[in-house]
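Q: Here it is: the structure, laid out below.
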Amino acid sequence: MVSIVRMALTAGWIIGPVLGSILATAVSPRAMFAATALCALAQIVPLGFLRTAPPQPRTPATPASEHVTRRRGLQVMLPLLTFTGLYVLVYAGEPIKYGYLPIYMHDDLRLPTLVSGAVIGIQPLIELILMPVAVIVARRIGMLRLMILGAALGVGANLCFALTGNATGMFVGQILMGGVWGIFAALGIIVAQRLLPEAVATASAIFMSSTAIASALGGLTGSLGVSAFGLPYVFLGAAFYGLIATGGIAIMSRSRPMR
Numbered sequence: 172m173v174s175i176v177r178m179a180l181t182a183g184w185i186i187g188p189v190l191g192s193i194l195a196t197a198v199s200p201r202a203m204f205a206a207t208a209l210c211a212l213a214q215i216v217p218l219g220f221l222r223t224a225p226p227q228p229r230t231p232a233t234p235a236s237e238h239v240t241r242r243r244g245l246q247v248m249l250p251l252l253t254f255t256g257l258y259v260l261v262y263a264g265e266p267i268k269y270g271y272l273p274i275y276m277h278d279d280l281r282l283p284t285l286v287s288g289a290v291i292g293i294q295p296l297i298e299l300i301l302m303p304v305a306v307i308v309a310r311r312i313g314m315l316r317l318m319i320l321g322a323a324l325g326v327g328a329n330l331c332f333a334l335t336g337n338a339t340g341m342f343v344g345q346i347l348m349g350g351v352w353g354i355f356a357a358l359g360i361i362v363a364q365r366l367l368p369e370a371v372a373t374a375s376a377i378f379m380s381s382t383a384i385a386s387a388l389g390g391l392t393g394s395l396g397v398s399a400f401g402l403p404y405v406f407l408g409a410a411f412y413g414l415i416a417t418g419g420i421a422i423m424s425r426s427r428p429m430r
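Just so you know, the sequence shown maps onto residues 172 to 430 in our numbering.
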């Protein structure tokens, strides 16, 4: 179910950049933003027909049991918090990329708008292809072991952005990044829930909050990195984060062979 929802989201990332670049070139940027607003409005309609079951009442706990649960919860949540922190390092490269890769392609590489849109759009296409493959492979070798490869692909992608300096390197980097999110988008929240099986809603909430933290970290790293090192070397910071995440997930996978 998670993979299906993520695949639908990824399909939008394929269609959006390509159609957006075509619409901006053929008509105007205002028409592109108007079409984006209409799409955002259209998704509200089906949400209005959703119905959820009322929550079931919970049995109140005694103060003593609450104290024991709280102390135990801190220990039980440590693997989840560790994994979430490593995911933050993986995700931190995304705001850097989406903030500065279009600027780099336009100002430094002088790539046409259509080519830049294709570069951005190739990543979700690879994600869409790899998501069901990631689920199948994870059942054989384990989810965390597969995520080691995913984090390593992110390191390679950011090295391509930083060191190649041509359209081919941008495409290769985005293809590698598609491999990253084909793995993490399909399996990340499942791993989080497996790390805290007695409270999957809490696990999901903690894991989903990581995107906001990663966006803040990536934004700060990007602004400081561009000021200090300039483009395209700011992407080396994202590669460094990914390298730390690769090592951390490798350590976790030794004691938790999830399938």
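Note that the Cβ used here is the ideal one computed from N, Cα and C, for glycine as well. Quick caveat, the model's predicted, so the values are computed rather than measured.
Tell whether a beta-carbon distance below 7 Å holds between Tyr-262 and Ala-385.
A: Cβ distance < 7 Å, so Tyr-262 and Ala-385 count as in contact.
Q: Check whether the region 318-331 touches the region 388-403, counting contact only when three or more Cβ pairs, one atom from each stretch, lie closer than 8 Å.
A: Result no; under three Cβ-Cβ pairs closer than 8 Å.
Q: Exposed or buried, what is Met-379 when buried is set at 16 or more other beta-carbons lying within 10 Å of its beta-carbon?
A: Result: exposed.
Q: Grab the span of the alpha helix (DSSP H) containing Val-362 for me, first residue to last.
A: Note, Val-362: alpha helix (DSSP H), 338-366.
Q: Spatial neighbours of Ala-182 within its chain, please: C-beta separation below 8 Å, excluding the five flanking residues on both sides.
A: Result list for Ala-182: Pro-295 and Leu-299, in chain order.
Q: What do you get for Gly-401, buried or exposed, if any count of 16 or more other CB atoms within 10 angstroms of its CB means buried?
A: When all chains shown are included, Gly-401 counts as exposed.
Q: Should Thr-339 go down as buried or exposed, given a rule of 16 or more other Cβ atoms within 10 Å for buried?
A: Thr-339 should be labelled exposed.
Q: Distance, Cα to Cα, Val-308 vs Leu-330?
A: Cα-Cα distance, rounded: 26 Å.
Q: Taking the CB atoms as reference points, tell me whether Leu-123 and Ile-420 lie closer together than 7 Å.
A: Residue 123 lies beyond the stretch modelled for the chain, which goes from 172 to 430, so this question has no answer here.
Q: Less than 7 Å between C-beta atoms, sequence neighbours within five positions excluded: which residues of the same chain meet that for His-277?
A: Excluding residues within five positions, the ones whose Cβ falls inside 7 Å are Ser-287.
Q: Need the endpoints of the alpha helix (DSSP H) that Met-203 sits in, please.
A: That run of the alpha helix (DSSP H) goes 200-213.
Q: Between Ile-346 and Phe-254, what straight-line distance do the alpha-carbon atoms span, to the nearest angstrom?
A: In a straight line, the C-alpha of Ile-346 is about 24 Å away from that of Phe-254.
Q: Assign Pro-266 to buried or exposed, taking buried as 16 or more other Cβ atoms, counted over all protein chains shown, within 10 Å of its Cβ.
A: Label assigned to Pro-266: buried.
Q: Which residues in the same chain have their Cβ closer than 7 Å to the Cβ of Gly-321, if we skip the five residues on either side of it in sequence?
A: Hits under 7 Å: Gly-350, Val-351, Ile-354 and Phe-355.
Q: Please state the DSSP three-state secondary structure of Pro-303.
A: It is helical.
Q: Alpha carbon to alpha carbon, what distance is there between Arg-365 and Cys-210?
A: Roughly 35 Å between the two C-alpha positions.
Q: Looking at Ala-374 and Leu-363, is the spacing between their C-beta atoms short of 7 Å?
A: The amino acid at residue 363 is misidentified as Leu; the sequence shows Ala. Cβ distance < 7 Å, so Ala-363 and Ala-374 count as in contact.
Q: With H, G and I counted as helix, E and B as strand and the rest as coil, what does DSSP make of Ala-263?
A: Three-state DSSP puts Ala-263 in coil, outside helix and strand.
Q: Would you check if the distance between the CB atom of Leu-260 and the CB atom of Ala-416 is smaller than 7 Å?
A: Contact: yes.
Q: Please report how far the alpha carbon of Met-423 lies from the alpha carbon of Met-302, in whole angstroms.
A: The straight-line gap from Cα to Cα measures roughly 22 Å.
Q: DSSP state of Ala-328, grouped into three classes?
A: Helix.
Q: So, are the CB atoms of Leu-218 and Ala-333 less than 7 Å apart?
A: No, the pair does not count as a contact, with Cβ atoms beyond the cut-off.
Q: Here's the rule: buried if 16 or more other CB atoms are within 10 angstroms of the residue's CB, otherwise exposed. What is Leu-249?
A: By the 10 Å Cβ count, Leu-249 comes out exposed.
Q: Leaving out five residues before and five after Ala-202 in sequence, what residues of the same chain have Cβ atoms less than 8 Å from its Cβ?
A: These residues qualify, in order along the chain: Leu-194 and Ala-195.
Q: Determine the DSSP secondary structure at Arg-311, reduced to helix, strand or coil.
A: Residue state, collapsed to three classes: helix.
Q: Do you know offhand how far Val-290's Cα is from Ile-186's?
A: Distance between the alpha carbons of Val-290 and Ile-186: 12 Å.
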